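Numbering (UniProt numbering), first residue to last: 1 to 276.
In what follows, a structure is listed as structure tokens, so that the remarks can point back to it.
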Ligand SMILES: Nc1ncnc2c1ncn2[C@@H]1O[C@H](COP(=O)(O)O)[C@@H](OP(=O)(O)O)[C@H]1O
Ligand SMILES: [Mg+2]
């Protein structure tokens, strides 16, 4: 068992990347199998693949960091948060997994005192992975799993005055989100699923993602950290960063905006985020 050394969050993120790549292989293998799906209480689907990937991730985390609580979407969503805990979504975008768009991700975040400090988002079917400790890096997922990932630093881009690129959920839109987006000069609306939306903004491929409809902490913590370390931010309606570990509200998030450039916050009517 490894002591949790939170001085080297980049190393923790690399370890999380290995776990996410392995979980991604499980998902890829099961993608082609005929998967029985179930509908959960919140109306969202779940499959045997969610469960298999979640079991693998929890086992691996316990092998490395035994004793740190793991809050995970499918089987461990009532585990209590602590000063340190992991948030895991083994298959974010289950609908897209089932319908074969490939826009699904594996999200893992280590949270300390309410904020993520090391995280990974892997998109196995797209062959892309992002990690963040102190800084954000991205790379292609190797086709031979034992190969090293060719990591490159990524940064979000300064927001243009007009013709912003907005990412919108493929499956979960709502009127409040549309009203918020209508205050911006959007040139391109691109549909995307899962935590990929945060990562595309972190890589400078889009500018803004607003979400007023429901999400869970495991949907956002890893992507929030990846975007925040790449120069962007994820903020609630008052302009404050999101915090994690809210068992009292069933680990549900409020509305948020993910921005590649903090200067977009006032344009959305939000207070300017305070520098971390
Ligand atoms: N009614 C609801 N309550 C809580 N979370 C919801 C929800 N409807 C959708 N979500 C969240 O939105 C995520 C998908 O977002 P998107 O459509 O942008 O990819 C889902 O992730 P999962 O697929 O992991 O369940 C789910 O957690
Ligand atoms: Mg999810």
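Just so you know, even glycine gets a beta-carbon here, dropped at the ideal spot from N, CA and C.
Since this is a predicted model, take the numbers as computed values, not measurements.
Reference residue 147, options 47, 22 and 243, closest by Cα: 22
According to DSSP, residues forming a beta bridge with residue 130: 121 and 138
CB contact flag (residue 59, residue 91, <7 Å): No, the pair does not count as a contact, with Cβ atoms beyond the cut-off.
Proximity test, residue 172 beta-carbon vs ligand 1 heavy atom, cut-off 6 Å: yes
First and last residue of the uninterrupted alpha helix (DSSP H) at residue 18: 9-31
Residue 216 Cβ short of 6 Å to ligand 1 heavy atom set: yes
Heavy atom of ligand 1 within 6 Å of residue 76 beta-carbon: Answer for residue 76: no, Cβ out of range of ligand 1.
Assigned secondary structure, residue 267 (DSSP; H/G/I helix, E/B strand, else coil): Residue state, collapsed to three classes: helix.
Pick from 155, 191, 252 and 129 that is closest to residue 71, judged by C-alpha positions: Nearest C-alpha to residue 71: 252.
Given residue 218 as reference, the closest of 264, 107 and 135 once Cα atoms are compared: 107
Buried/exposed call for residue 74, threshold 16 Cβ in 10 Å: buried
Burial state of residue 122, where buried means 16 or more other Cβ atoms lie within 10 Å: Residue 122 sits buried, since 16 or more C-beta atoms from the chains shown fall within 10 Å of its C-beta.
Proximity of residue 270 and residue 239 at Cβ, strictly below 7 Å: yes
Per-residue burial, residue 179 [other beta carbons within 10 Å of its own, 16 or more giving buried]: So residue 179 ends up on the exposed side.
Spatially closest choice to residue 165 from 176, 190 and 197, by CA coordinates: 190
Residue 96 Cβ short of 6 Å to ligand 2 heavy atom set: no
Coarse secondary structure for residue 179, derived from DSSP in three states: In the structure shown, residue 179 sits in a helix (DSSP, three-state: H, G or I).
Closest by C-alpha distance to residue 47, when choosing among 12, 57, 98 and 9: 98
Beta-carbon contacts of residue 28 that lie in its chain and below 6 Å, excluding the five residues immediately before and after: 124
Opening and closing residue of the beta strand (DSSP E) in which residue 149 lies: Note, residue 149: premise wrong, no beta strand (DSSP E); not H, not E.
The segment 242-249 contacting the segment 128-144, beta-carbon criterion three pairs below 8 Å: They do not touch, by the three-pair rule.
Extent of the continuous beta strand (DSSP E) run through residue 233: 233-235
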